[in-house]
Amino acid sequence: MSICTISSFREAMLQPSLYFSTLHDIHPINNSITRSKHLVECRAFISDSEVYIYAPISIEATSLVLSAHGILATTKGALSNIDIYHNELCCDMLSGKHCSIFIEKIAHGQPLSEMIYTLRRSTLLRGMSELKATLDRYNISLGNLHPENIIVDDKYRWHPIRCYYVTRGAERDAAAFRHIEEQIMTYALLDDEACGIELCEPLSNYNANSRERYPLCEERRRVMVDGLFGFCNGTDDMVIAAEYIDASDFVEGRAAVTTRNGAMGLIDANGREIIAKRYDKVVYNPNNGRSWVCKDGLWAQFDYNGERLSEWQDKDECYIEEVSEREYEYQ
Amino acid sequence: MYEQPITHQNRCAFVFAIDCSTSMQGKTLFNNVVMSKAEAVALVANLVIDELMERATRHHKVRNYFDIAVLGYGNGGIRSLLPEILGDGFASIEYLAKFQPEARRIFFDVRRNDGAMISVPFCYHPWITPRAGGRTPMYEALLNVRELVSEWCSQPENRDSFPPIVFNITDGECNDASPGELITIARHITDISTNDGNTLLINVHLASEYSDDKRLVFACDNDFHTNNRYCQTLFEMSSLLPKCMEGSISQYINPGTCGPYRGLAINASICDMLMVLNIGSESLYVM
Chain C
22 MSICTISSFR EAMLQPSLYF STLHDIHPIN NSITRSKHLV ECRAFISDSE
72 VYIYAPISIE ATSLVLSAHG ILATTKGALS NIDIYHNELC CDMLSGKHCS
122 IFIEKIAHGQ PLSEMIYTLR RSTLLRGMSE LKATLDRYNI SLGNLHPENI
172 IVDDKYRWHP IRCYYVTRGA ERDAAAFRHI EEQIMTYALL DDEACGIELC
222 EPLSNYNANS RERYPLCEER RRVMVDGLFG FCNGTDDMVI AAEYIDASDF
272 VEGRAAVTTR NGAMGLIDAN GREIIAKRYD KVVYNPNNGR SWVCKDGLWA
322 QFDYNGERLS EWQDKDECYI EEVSEREYEY Q
Chain W
-14 MYEQPITHQN RCAFVFAIDC STSMQGKTLF NNVVMSKAEA VALVANLVID
36 ELMERATRHH KVRNYFDIAV LGYGNGGIRS LLPEILGDGF ASIEYLAKFQ
86 PEARRIFFDV RRNDGAMISV PFCYHPWITP RAGGRTPMYE ALLNVRELVS
136 EWCSQPENRD SFPPIVFNIT DGECNDASPG ELITIARHIT DISTNDGNTL
186 LINVHLASEY SDDKRLVFAC DNDFHTNNRY CQTLFEMSSL LPKCMEGSIS
236 QYINPGTCGP YRGLAINASI CDMLMVLNIG SESLYVM
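As they're listed, the protein sequences go chains C and W. Residue numbers for the first sequence follow the working numbering, so the first one is 22 and each next one is one higher. Residue numbers for the second sequence follow the working numbering, so the first one is -14 and each next one is one higher.
Quick look at the structure:
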């Protein structure tokens, strides 16, 4: 039994056709490598399917996944399974040894960690309840339940990923479910919020023609529903709820938005808050990714990821770049 | 014991003591690539440092999980093989990362499952460069190791850490001390401890030729016999591996055997040596 080094896995993802024995149609997404205690992973496309590719970095990893594979198979497709490819990856250049890899298909959707900010409580709680029922039905626990490890599809169903800690018995996820529920109650949209869209129904069921249409920018199109802005994707599925009284188009992955109480912030293409929506003004410059932010008459600069770079100071002391009207129509 | 997770608050120390004597100029076969033992050991050490760097990386930033020292012993006595600017002792992996050398590419022949042999490039960073000259002052090197490890363990911030792991990698007999003196200094090293356990000393003997019947990885403490004085010395120098590693070794490395095991690999090929390193760090929980 062989285990993989992270260095080898990284090399393999750069040159999959050389490192993998039979899987030659691997296209890593962003070459983003992450790891847990037992597995190193990369998100990729294999023959148009989005997957996670895992390789073992601990000696227990393979038996862990084999066990999970057996348990998941009993759910007959209700939960995604992990496919095992024995001796697939050349993991040790020094000996030419190969290790097994594990592939888990990912449902089309967005991580719960992002959707939790854009969906209504009742919608999220329904998804959670369905997942709980599925786990109870098959008497299994995921052991790895976390908003990052759940994909929410366009029907708002929850699909767990990274299922390699799955075990028999349904009680181990209770604390994790409670924690997620707390997060939903804290961050999800209130059910009585007048968002203008009935989020409890699949968003794709909405008639796109009923909305005021704007140009598609970076796979996001501004839409106005009942006087509020949100964003849909290229196929007119709503992806960011209409809850802003104003919003810019997306440029370099960021859009400035104004909430109903007049506060401004900056969001990413999944609606995640990059600069909190609590400022008087946000001037985003896509050329350098930085934003000048005004609060109580003082200005500070923030970086692309929302980290504040400078102290709060008078506008006279700041060099706020000129922005073209086209780029900053919103301003 | 031996269960402390490695975090930036509870770092772990790795010491590599590497034989740089003349005999390391001898050739070895490194997955179909012929190179000197010195080159082979340097490459393995470099790959291990790269891997520790990977394991210490979170969100594209190397975090301070490991302290690393690499001592070479041979011509000119004992010297650090890491870049001079890092000094003679431990370098934190976070600091080491600032001096990352330019990556080099090496090609290896790999046989795929379909039988085809292909040449595959692999990148590594040459943290240390091969050296091979002079005698084998292993005793003096272990004195230095003792000093390094003792100082590391005495620092209050390391008191609760996973204990240091020392890899002594050699291809020949020491010629600056008797077996008794070597065993004594090894015991001094393994007596040094943190609250989580004693220092682990793992000896790896690098062979010129791979031979399965001579090969030994992790000797069973209760079932080790040899007529070779040198092997006996290395055996007695090596640490008893902690119980938490025994299950993995008996299940995957030495099926059909049972512990306790010694941290000893004799006539081990380069591949075995890497396996030793993986096992040695496998049970650690890197946060």
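C-beta: ideal position from N, C-alpha, C; glycine also.
Considering only residues of the same chain and omitting the five flanking positions on each side of residue 235 of chain W, which have a CB-CB separation below 7 Å? Within the second sequence, numbered from 1, the residue matching residue 235 of chain W stands at position 250. Once the five neighbours on either side are set aside, the close Cβ partners of residue 235 of chain W are 242, 243, 244.
When C:179, C:274, C:266 are compared against residue 283 of chain C, the one with the closest alpha-carbon: Within the first sequence, the letter at position 262 stands for residue 283 of chain C. Comparing Cα-Cα distances from residue 283 of chain C to each of C:179, C:274, C:266, the minimum goes to C:266.
Exercise for the section: Specify the secondary structure class of residue 62 of chain C as computed by DSSP and reduced to three states. Expected result: Within the first sequence, numbered from 1, the residue matching residue 62 of chain C stands at position 41. Looking at residue 62 of chain C - three-state DSSP - the assignment turns out to be strand.
**Item:** is_contact[residue 34 of chain C, chain W] using C-beta, thresh 8 Å
**Value:** Taking the first residue of the first sequence as position 1, residue 34 of chain C is located at position 13. No, because no Cβ of chain W sits closer than 8 Å to the Cβ of residue 34 of chain C.
(Q) Using only the alpha-carbon positions, how far apart do residue 291 of chain C and residue 30 of chain C sit? (A) Along the first sequence, read from residue 1 onward, the residue named residue 291 of chain C stands at position 270. Along the first sequence, read from residue 1 onward, the residue named residue 30 of chain C stands at position 9. Computed Cα separation, rounded: 29 Å.
- So which residues of chain C does residue 93 of chain W contact, with C-beta pairs closer than 9 Å? Taking the first residue of the second sequence as position 1, residue 93 of chain W is located at position 108. Simply 111, 114, 115, 117.
- Can you name the residues of chain C whose CB is closer than 8 Å to the CB of residue 103 of chain W? Within the second sequence, the letter at position 118 stands for residue 103 of chain W. Within chain C, the residues near residue 103 of chain W are 39.
Subject >> Between the CA atoms of residue 231 of chain W and residue 220 of chain C - distance to the nearest angstrom >> reply: Within the first sequence, numbered from 1, the residue matching residue 220 of chain C stands at position 199. Within the second sequence, numbered from 1, the residue matching residue 231 of chain W stands at position 246. At residue 220 of chain C the pLDDT is 39, less than 50, meaning the model places this residue with poor confidence; the figure from the coordinates comes in the next sentence. So the two alpha carbons sit approximately 54 Å from each other.
Paired residues, beta bridge with residue 320 of chain C - DSSP: Reading the first sequence from its first residue, position 299 is the one you call residue 320 of chain C. Looking at the DSSP assignment, residue 320 of chain C forms a beta bridge with C:315, C:334.
With a threshold of 8 Å between beta-carbons, can residue 233 of chain W be considered close to chain C, or not? Position 248 of the second sequence, counted from the first residue, corresponds to residue 233 of chain W. It does; some Cβ of chain C falls within 8 Å.
Assuming contact is defined by CB atoms lying nearer than 8 Å, are residue 170 of chain W and residue 215 of chain W in contact in what I supplied? On the second sequence, position 185 is the one that residue 170 of chain W refers to. On the second sequence, position 230 is the one that residue 215 of chain W refers to. No; because the gap between Cβ atoms is not below 8 Å, this pair is not in contact.
Proximity to residue 272 of chain C [Cα-Cα], best of C:263, C:264, C:257, C:311: Counting from 1 along the first sequence, the entry for residue 272 of chain C is found at position 251. Out of C:263, C:264, C:257, C:311, C:311 has the C-alpha closest to the C-alpha of residue 272 of chain C.
Report task. Evaluate residue 35 of chain C with the Cβ neighbour count: other Cβ atoms within 10 Å of its Cβ, from every protein chain shown; 16 or more gives buried, anything less gives exposed. Result -> Your numbering for residue 35 of chain C matches position 14 in the first sequence. Exposed, by the Cβ-count rule.
Between C:268, C:69, C:288, which has its C-alpha nearest residue 281 of chain C's C-alpha?
Taking the first residue of the first sequence as 1, we reach residue 281 of chain C at position 260. Looking at the Cα atoms, C:268 is the closest of the given residues.
message = With DSSP as the reference, identify every bridge partner of residue 57 of chain W, one or two as the case may be.
response = Here residue 57 of chain W is taken as the residue at index 72 of the second sequence, counted from 1. Looking at the DSSP assignment, residue 57 of chain W forms a beta bridge with W:3, W:64.
Specify the secondary structure class of residue 79 of chain W as computed by DSSP and reduced to three states.
Numbered from 1 along the second sequence, position 94 holds the residue referred to as residue 79 of chain W. DSSP places residue 79 of chain W in helix when its eight states are reduced to three.
Same chain only: Cβ atoms within 8 Å of residue 99 of chain C, ignoring 5 sequence neighbours per side: As a working mapping, residue 99 of chain C is identified with position 78 in the first sequence. Excluding sequence neighbours, residue 99 of chain C sits near 155, 158, 159.
Should the stretch -13 to 4 of chain W be regarded as contacting the stretch 43 to 56 of chain W, the criterion being three or more beta carbon pairs within less than 8 Å? yes
message: I'd like the span of the beta strand (DSSP E) that includes residue 306 of chain C, first residue to last.
response: Residue 306 of chain C sits at position 285 when you count from the first residue of the first sequence. Its beta strand (DSSP E) spans residues 302 to 306.
Do residue 187 of chain C and residue 87 of chain C have their beta-carbon atoms positioned less than 8 Å apart in this structure? As a first step, residue 87 of chain C must be located in the first sequence, where it is residue number 66. As a first step, residue 187 of chain C must be located in the first sequence, where it is residue number 166. Going by C-beta atoms, residue 87 of chain C is not nearer than 8 Å to residue 187 of chain C.
message = Assuming contact is defined by CB atoms lying nearer than 8 Å, are residue 79 of chain W and residue 49 of chain W in contact in what I supplied?
response = Reading the second sequence from its first residue, position 94 is the one you call residue 79 of chain W. Reading the second sequence from its first residue, position 64 is the one you call residue 49 of chain W. Yes, the Cβ-Cβ distance between residue 79 of chain W and residue 49 of chain W is below 8 Å.
Residue 162 of chain C, buried or exposed, once every other Cβ within 10 Å from all chains shown has been counted against 16:
The residue you call residue 162 of chain C lines up with position 141 of the first sequence. Buried.
**Item:** Alpha-carbon spacing of residue 105 of chain C relative to residue 120 of chain C, whole angstroms
**Value:** As a first step, residue 105 of chain C is located in the first sequence; it is residue number 84 there, counting from the start. As a first step, residue 120 of chain C is located in the first sequence; it is residue number 99 there, counting from the start. Answer to the nearest angstrom: the Cα atoms are 11 Å apart.
Checklist entry - Among all the DSSP beta bridges, which residues are the ones paired with residue 205 of chain W? => result Here residue 205 of chain W corresponds to residue number 220 of the second sequence, with the count starting at 1. Per DSSP, W:246.
Give every residue of the same chain whose Cβ lies closer than 8 Å to the Cβ of residue 223 of chain C, excluding the five residues on either side of it in the sequence, and list them in chain order.
Taking the first sequence and counting its residues from 1, the one referred to as residue 223 of chain C is at position 202. For residue 223 of chain C, the predicted model reports a pLDDT of 38, less than 50, meaning its position is unreliable and no value from the coordinates is stated.
Residue from C:320, C:325, C:329, C:197 with nearest C-alpha to residue 336 of chain C
On the first sequence, residue 336 of chain C is found 315 positions in, with the first residue counted as 1. Comparing Cα-Cα distances from residue 336 of chain C to each of C:320, C:325, C:329, C:197, the minimum goes to C:320.
Would you say residue 246 of chain W lies against chain C (beta-carbon separation less than 8 Å)?
Walking along the second sequence from the start, residue 246 of chain W turns up at place 261. No, residue 246 of chain W lies away from the interface with chain C (no Cβ there is under 8 Å from its Cβ).
task: Keeping to the same chain, check which residues put their C-beta closer than 6 Å to that of residue 165 of chain C; ignore five residues upstream and five downstream.
output: On the first sequence, residue 165 of chain C is found 144 positions in, with the first residue counted as 1. The residues are 183, 186.
Item to complete: Could you run through the stretch 29 to 52 of chain W and flag, in chain order, every residue whose CB is less than 8 Å away from some CB of chain C?
Response: 29, 32, 35, 36, 39, 40
Are there 16 or more other CB atoms within 10 angstroms of the CB of residue 109 of chain C, so buried, or fewer, so exposed? In the first sequence, the residue the question calls residue 109 of chain C occupies position 88. Buried: at least 16 other Cβ atoms inside 10 Å.
- Task: Spatial neighbours of residue 121 of chain W within its chain, please: CB distance less than 8 Å, with the 5 preceding and 5 following residues excluded, ordered by chain position.
- Result: Locating residue 121 of chain W in the second sequence gives position 136, where the first residue counts as 1. These residues qualify, in order along the chain: 4, 6, 8, 58, 59, 155, 157, 158, 159, 160, 161.
Assigned exposure category for residue 195 of chain C - 16 Cβ within 10 Å defines buried: Taking the first sequence and counting its residues from 1, one reaches residue 195 of chain C at position 174. The residue in question, residue 195 of chain C, is exposed, as its Cβ has fewer than 16 Cβ neighbours within 10 Å.
Limits of the unbroken alpha helix (DSSP H) element including residue 138 of chain W:
Locating residue 138 of chain W in the second sequence gives position 153, where the first residue counts as 1. It spans 123 to 139 - the alpha helix (DSSP H) in which residue 138 of chain W sits, taken as one unbroken run.
For residue 52 of chain W, the three-state DSSP class (helix, strand or coil):
For the purposes of this step, residue 52 of chain W is identified with residue 67 of the second sequence, where counting begins at 1. Here residue 52 of chain W sits in strand by DSSP.
Give me the Cβ distance between residue 24 of chain W and residue 164 of chain W, rounded to the nearest whole Å; I'm assuming they're in contact under 8 Å. For the purposes of this step, residue 24 of chain W is taken as the residue at position 39 of the second sequence. For the purposes of this step, residue 164 of chain W is taken as the residue at position 179 of the second sequence. Not a contact, Cβ separation roughly 29 Å.
Compute every distance between the C-beta of residue 46 of chain W and the non-hydrogen atoms of the ligand GDP, then say whether any falls below 7 Å. In the structure on display, the ligand GDP does not appear, and there are no ligands present to speak of.
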